[in-house]
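Taking the numbering used here, I'd label the letters of the sequence shown as residues 9 to 48.
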Amino acid sequence: MKKIEAIIKPFKLDDVKDALHEVGVSGITVIEVKGFGRQK
């Protein structure tokens, strides 16, 4: 088992899901986050 973490733009999500499905990845977890600026 391998773990892959990726930060992708929301509009690319469908392309990434399709590509992962093509190589045999059966499940993913998607979490939407928002953030900006520098942490203080």
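We put the beta carbon where it would ideally sit given N, CA and C, even for glycine.
### Query
What first and last residue would you give for the alpha helix (DSSP H) that runs through V38?
Looking at the DSSP string, V38 is not in any alpha helix (DSSP H), and its letter there is neither H nor E.
#### Entry: Contact belief for K25 with I36 at Cβ below 8 Å, rounded distance in angstroms
7 Å
### Query
For L28, which residues of its own chain have a beta-carbon under 8 Å away from its beta-carbon, when the five flanking residues on both sides are left out?
I36
### Neighbourhood of V1 by C-beta, 8 Å cutoff - its chain only, sequence neighbours within 5 removed
With the chain covering only 9 through 48, there is no way to say anything about residue 1.
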